[in-house]
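Everything below concerns the one structure shown next.
Number of protein chains: 2
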Amino acid sequence: MKKITIEDVAKRAGVTKGTVSAVINAKKWVKATTRDHILSVMKDLNFRPKGIARNLKNGVQEKSIGIIIKDLNYPFYTAIAAGVKEYANSKGYYVMVTSSEDKHEQEKAFSHLFSVKDIKGTIIAPIVEGTSEIEHLFRLKMINYPFVLLEDVKGIQANVVTIDNLRAIKKAVTYLINTGHKNILHFAGPPSSSHTHERIEGFRHAFSESTLAFHKDMVVSIGSHYEESLEKTKKYFKNKNKKDYPTAIVCFNDQQALAVITALKELKIKVPDEISVVGNDDIYYAQIYPVPLTTIRAPQLEIGRKAAEILIRNIESSTLLPNEKVILDTEFIVRESTKVLN
Amino acid sequence: MKKITIEDVAKRAGVTKGTVSAVINAKKWVKATTRDHILSVMKDLNFRPKGIARNLKNGVQEKSIGIIIKDLNYPFYTAIAAGVKEYANSKGYYVMVTSSEDKHEQEKAFSHLFSVKDIKGTIIAPIVEGTSEIEHLFRLKMINYPFVLLEDVKGIQANVVTIDNLRAIKKAVTYLINTGHKNILHFAGPPSSSHTHERIEGFRHAFSESTLAFHKDMVVSIGSHYEESLEKTKKYFKNKNKKDYPTAIVCFNDQQALAVITALKELKIKVPDEISVVGNDDIYYAQIYPVPLTTIRAPQLEIGRKAAEILIRNIESSTLLPNEKVILDTEFIVRESTKVLN
DNA sequence: GTTTATAATTGAAATGTTTTAATAAAGTTT
DNA sequence: AAACTTTATTAAAACATTTCAATTATAAAC
């Protein structure tokens, strides 16, 4: 089970490495018969030229960057990736996307993989759990590997492009309060995201600046994926007395909001007449949803573009640049899943 | 603007390459003071160790494969990618995703990039235009680089995992005919996909096996992206007399179908009462759509899994394996966007 | 039949890292 | 203070390819 090298091919074909190399690189000068012969030897040995070794010599001309998102199937992330791609392509970079599936292990492995594969830099949507492990990020810093985070990570200084979750949720909740809502819930997201914590914080803040009181029961952990949120929402309302129903729910993200709306529909609770629902992110598929979702729009393309811009600036700098932190603002978009009560 | 190498760092720090290497690889034995000194020199020079050169020596332990899809934002493709990831991860492979944006140029560049970056194999959703350029695929074959296609490409023998579009559309159209529809349209997709051609073919076939006659005006090219399809659908119906409206439309994919439904809604045409709409793919977001879409389900995860399985089998084989062709079947799912007329 | 031009091929050097064996310095035990 | 260990460091070899200048074979021209 030994590795086949260009030398094995050369030996077997009775020529030198140089000639084999010429065939691989489609140089015009090799005689047709020798070329065919070498080709057939390559097939016999199932020889696959090692990309790595070729690069060493000339250096890859293709420049590329990576992005590690959390979920390939959530449009919020793919939209960010699209923004990254747009900017990167305009600068002549290719983009490779991977997904950590919210697993620390994978985030770590990928950041390593990218650095080792000579991908010039990486944009990371980091997993932030209680005691967030971040040695892998420190390692990237040590080897001066350029990267940009899409969420703040405590304990590390790095380039960050993110949104102002606190203000965002406050805007939404304040709007609800001002339009007469008194019983408002927040359906929170997974603990692995800093967004979750910041949004809870924003929710709480909004109350402290109003005449209404905050109570911790108003924050309910209900999952961020569709099926899970659907089930948990139904369960939540089944145990509730109708008079205790909230008049509005602020969701962690749009996918969750879509699940909540569907769950309420199944329970014959009318949206927005009985309960208003606010999403978060403004993902593409929520925009084209027949009940247009009131939501908090995160500028997804812009996040991607900005992150790519910072990353590429760092990649191309011959000196180590100071870290940048960009906090993009969100837009509260009132559509038809919320109702004015006063 | 010269490249900084480990040697430059060593020289500047007054040690040898070996010591610098030891620092980079966090070997325990380097004296703390020399380590700090070397680290600071690395920062000064903004030295980034070349991943490529490190790999050469030991060979990378991390195994990875790539997948080139056409659109990062279309759930059909990300679902396939998820299937690939699932299988690949179970076999210890990492997965990198890229999108060609339906551009030949990009598909070509990525297939090259992957092979050169020592990514062991690639799954490709190929762009198939009239005179499809496929030299890049021939090149992959020449260097025995393992790959699997997600659409048939004329003129090349390769591993292929795809679906039976012909049968799929026939099933749907036949159902419509059997339930009393007489005026049926097909909204076709982009010419860059073999699916488009096969689906048109299937549509035609269904008629040849029925008592109804096929006419080429029944196939309308309306785009596969949401906005485009929305506009073109509206335009199409504005120029039509109400009595000429079809009773059913078979769409190229679900995103298009969603656009068609929205367009019809805006035109005050009721779905499915006045016009039935059939999608294609059964993407996730169509499943959770409030008007559940009648559609043709492509086993997206299964496509991904199967493609990954074949790819990895080829990667791990020391001999060149014969090509495999897998055609997966689809499932026609009747939900609520179609109406039985008889 | 010798020279010249051209086509085909060779062999060594170069690429930037990691590894290994060898060595020097410092510390510990007798 | 000699002998041995441990710690820190060095120098050279190894990795699989491409490149480039040098060489040989082949064909054409004289």
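Protein chains in written order, with our numbering: chain P, 1 to 342; chain X, 1001 to 1342.
Ideal Cβ placement from N, Cα and C applies to all residues, glycine included.
The model shown is predicted, which means the values in this text are computed figures rather than measured ones.
Are any of the Cβ atoms in chain X nearer than 8 Å to that of I143 of chain P? yes
Determine the DSSP secondary structure at Y226 of chain P, reduced to helix, strand or coil. helix
Please classify P1126 of chain X: is it buried, with 16 or more other beta-carbons within 10 angstroms of its beta-carbon, or exposed? buried
Proximity test, Cβ basis, 8 Å: K1057 of chain X and chain P: no
With distances taken between CB atoms, is the gap from N314 of chain P to P146 of chain P smaller than 8 Å? yes
Secondary structure at G1083 of chain X, three-state DSSP: helix, strand or coil? helix
Check whether the Cβ atoms of A1286 of chain X and L1258 of chain X sit closer than 8 Å, and answer yes or no. yes
When we look at the beta-carbon of I327 of chain P and count the other beta-carbons within 10 Å, is it buried (16 or more) or exposed? exposed
Proximal residues, the stretch 93 to 108 of chain P versus chain X, C-beta separation under 9 Å: Y94, V95, M96, V97, T98, S99, E101 and Q106
Endpoints, the alpha helix (DSSP H) within which Y284 of chain P is located: Y284 to Q287
Is there contact between the stretch 260 to 267 of chain P and the stretch 194 to 210 of chain P, where contact requires at least three CB pairs shorter than 8 Å? no
Using a Cβ-Cβ cutoff of less than 6 Å, which residues in the same chain neighbour Y1226 of chain X once the five nearest sequence positions on both sides are dropped? Q1255 and A1259
For I163 of chain P versus F187 of chain P, is the C-beta distance shorter than 8 Å? no
Residues of the stretch 59 to 84 of chain P whose Cβ lies closer than 7 Å to any Cβ of chain X, in chain order: V60, E62, S64, L72, N73, P75, T78, A79, A81 and A82
With a threshold of 8 Å between beta-carbons, can D1164 of chain X be considered close to chain P, or not? no
Under 8 Å between C-beta atoms of R356 of chain P and E86 of chain P: As displayed, chain P neither begins before 1 nor continues past 342, which places residue 356 of chain P out of reach and without an answer.
In its own chain, which residues sit with a C-beta less than 6 Å from the C-beta of L176 of chain P, not counting the 5 before and 5 after it? I184 and A248
Would the beta-carbon of N253 of chain P fall within 8 Å of that of T1078 of chain X? no
Contact residues within the stretch 1290 to 1303 of chain X, judged by C-beta distance below 9 Å to chain P: P1290 and V1291
Between the alpha carbons of A308 of chain P and I119 of chain P, how many angstroms are there, rounded? 14 Å
Between the CA atoms of I52 of chain P and V116 of chain P - distance to the nearest angstrom: 11 Å
Could you tell me whether the Cβ of A88 of chain P comes closer than 8 Å to any Cβ of chain X? no
For T144 of chain P, which of P:I333, P:P322, P:S337 and P:K339 has the nearest alpha-carbon? According to the sequence as given, residue 144 of chain P is Asn; it is not Thr. The option with the nearest alpha carbon to N144 of chain P is P:P322.
Going by DSSP, what residue range makes up the beta strand (DSSP E) through R48 of chain P? From DSSP, R48 of chain P is part of no beta strand (DSSP E); its letter is neither H nor E.
Closest by CA to V1148 of chain X, which one among X:I1156, X:G1155, X:A1081 and X:I1123? X:I1123
Going along the chain, which residues of its own chain have a beta-carbon closer than 7 Å to the beta-carbon of D1273 of chain X, five neighbours each way excluded? K1339
So that I know if they touch, is there some Cβ in chain X lying closer than 8 Å to that of I52 of chain P? yes
Just to make sure I have the definition right: I need the residues of chain X whose C-beta is within less than 7 Å of the C-beta of P49 of chain P. Which are they? I1143
Name the residue from X:N1046, X:N1058 and X:M1042 whose alpha carbon lies nearest to the alpha carbon of V1023 of chain X. X:M1042
What residue from P:K182, P:H195 and P:S193 has the CA that sits closest to N342 of chain P's CA? P:K182
Is there a C-beta anywhere in chain P that falls below 8 Å from the one on K1268 of chain X? no
Sequence-distant residues of the same chain with beta carbon closer than 8 Å to V84 of chain P, five excluded per side: I65, I67, V95, I123, G304, R305, A307 and A308
Could you say which of P:T211, P:E336, P:L45 and P:I283 lies nearest to L293 of chain P if we only look at CA atoms? P:E336
Within chain P, partners of L1039 of chain X - CB distance below 9 Å: M142
Does the beta carbon of F1356 of chain X sit closer than 8 Å to a beta carbon anywhere in chain P? Residue 1356 of chain X is absent from the structure shown; chain X starts at 1001 and stops at 1342.
Mind checking which residues open and close the alpha helix (DSSP H) that includes H197 of chain P? S194 to S208
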